[in-house]
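Residue numbers (the numbering used here): 2 to 472.
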Amino acid sequence: METTIAKPYHVMLFKVASFNSGLLLLIASIILVQACTVRIPMGQVVQTSHHGAQRIQPSYQVTKKGGRVGSYLGITAGCSLLFGGLGYASKEDKNGNPYTNEQRVGNAKSLALAGLYVGGLYGIYALVRKKKPPRTEQVTPANFNNWLSDYNRKQNQKFVRYGQDTYGYFLIPQNNLAAYEAEEKAIVDRAEAQKRAREEEIIRLAQAKEDSVYRKFRNNPNYYWDTYLTAYPNGRYAEEVRERGEEEAYYDVRDGKTHIWNKNGSWEKYMTFFPKGKHVAIVREYRDVSKGLDAIHDLYFSAKYNSDYLAAKEAAERFKPRLDAWYEEAGKVHREIATSNPLTDLRKALQNRISRIDEAAKEALAKEEARRLVVSKWVIGDNLCWEAESYSTDEKGERIKGTEGKTLIRVTIESISNGGERVQVKVKELYDLKKLRNVSQFTMSSPVRVWRIDITDWIDPREMDKFNVCQ
């Protein structure tokens, strides 16, 4: 009869405790390995200032560290206990023979060593494998205060948030806050003082320049009053200069420094600087009369034919009564104007212009009569030749420099009208006297006109003084 020996209580306890403890220790150690994450507060300093102030871009450096070795040891111990518990739990061998208590303990020891080996290999692998670099986690405004608390603990110093912009957060050590604000105020005060000093220096230099122009005016008022008022219309001496300048400008008008050949004369200057001056009425009248004579002057110099000169003379004759009437009226109100050079100049200039117009009209009429006599001998089919100043043009029709020259023109008369005042001709030949060859077209300088071979056009014989009948 076989006798069954009861197992000791501590043996049963070892079996249960080793297995369960090993399993729990293994699971807990694996979780710890994965969950051992550390968030380190970091700050990239983008600007430093006085009293320890910094502009920082905050972030967290997320890494796994601290306790990992212990966790790997826990994994190793857990594997050993788990394997040992499994070894002790085995009751019979592969042949079905039951193990004795000593054999089960031996199996537990062997498997426990195997568990140590497996856990140790994993621990070695985990320790020597290439670790991932820490990742960076940006700090949002919502969790900035938490980051600041962590950062203060790391730095072992308390910073306070002083401001924020696109470049980061501005932090100042709390102990230096009062000193920082005092220094900032001092910096602002110094900057304002420097700005005031620069402005005062600019004003001083400007006043020195103004004083220089004013001294020139005092030494020679007639020449420098307008210089001063142009540069400093609201200057410190503007009122004095303006008062003296008006008298000087009016004196220039009275003295005859304004005349029809001086387009920017003193009356123009007076009207520009003193549009509401006390002499503006008489000066304006004088200006209008001067411009009337200017118009006659322009008609005289732009006239080409006898009819043009006659038109200029007619305008002068119409203007003369106006000038005489204004002279009498101005003499009653402004004696100094009526008896001064300007009116004398105007009257003499008008009479002189009328005389010159008469002479020029006679000369133009004589030339035109001579031309009509020549034209009366022309018949249809005659060839006319003359030389003309010319130049070449580019694709845009603009003159090409260096191409000036002379061109011989030969045309054939097609018809004659209005008693020889207009002649229709057809271009037969254009000969460039500079290039010594025929050309297909050229641009005549005066009057500006483009001639081309075989074109038909009208000419005014009065414009061409060198027409000659040719073969």
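Just so it is clear, CB atoms sit at the ideal spot from N, CA and C, and this is done for glycine as well.
With fewer than 16 other Cβ atoms from the protein chains shown falling within 10 Å of its own Cβ, I401 counts as exposed. In the DSSP assignment, W452 forms a beta bridge with F443. For N384, the beta-bridge partners assigned by DSSP are T413, C471. Pairing R411 with E369, the inter-Cα distance amounts to about 22 angstroms. Linking L172 to Q156 through their CA atoms gives a straight-line distance of about 13 angstroms.
With a threshold of 16 other beta carbon atoms within 10 Å, I204 falls short and is exposed. Here V284 is near Y251, since their CB atoms are less than 8 angstroms apart. Under the three-pair Cβ rule at 8 angstroms, the segment 41–53 counts as touching the segment 180–195. In the DSSP assignment, G406 is bridged to S391. The continuous beta strand (DSSP E) containing G169 extends over residues 169–174. By the CB criterion at 8 angstroms, V39 and G169 fall outside the cutoff.
Here N307 is buried: its Cβ has 16 or more other Cβ atoms, across all protein chains shown, within 10 Å.
Around the beta carbon of Y301, 16 or more other beta carbons lie within 10 angstroms, which makes this residue buried.
In the DSSP secondary-structure assignment, D166 is bridged to G169. Of all C-beta pairs linking the segment 413–423 to the segment 376–395, three or more are shorter than 8 angstroms, placing the two stretches in contact. A365 is positioned such that its CB atom lies no closer than 8 angstroms to that of Y328. Following the DSSP letters along the chain, one finds T231 inside the alpha helix (DSSP H) bounded by residues 222–232. Residue ranges of uninterrupted alpha helix (DSSP H) with 4 or more members, entirely inside the segment 130–157 and ordered along the chain, are 145–156. Annotated three-state conformation of R56 is strand, per DSSP.
Between the alpha carbons of D190 and F160 lies a gap of roughly 26 angstroms. The continuous stretches of alpha helix (DSSP H) do not include Y306, and DSSP gives it neither H nor E. Proximity to R354 across L294, V376, T394, R323 peaks at L294, based on C-alpha coordinates.
Annotation: the continuous beta strand (DSSP E) that includes Y432 extends over 423–433. Counting C-beta atoms within 10 angstroms of its own C-beta, L324 has 16 or more neighbours from the protein chains shown and is therefore classed as buried. DSSP links I460 through a beta bridge to V424. R237 and A198 have their C-alpha atoms spaced approximately 21 angstroms apart.
Non-local beta-carbon contacts of I41 in its own chain, meaning distances under 6 angstroms to residues more than five positions away in sequence, involve Q62 in chain order. By the Cβ neighbour-count rule, K314 is buried, with 16 or more other Cβ atoms within 10 Å of its own. Judged by DSSP in its simplified three-state form, G246 adopts helix. The way I'd put it, the segment 433–447 doesn't touch the segment 357–364; fewer than three beta-carbon pairs between them come closer than 8 angstroms.
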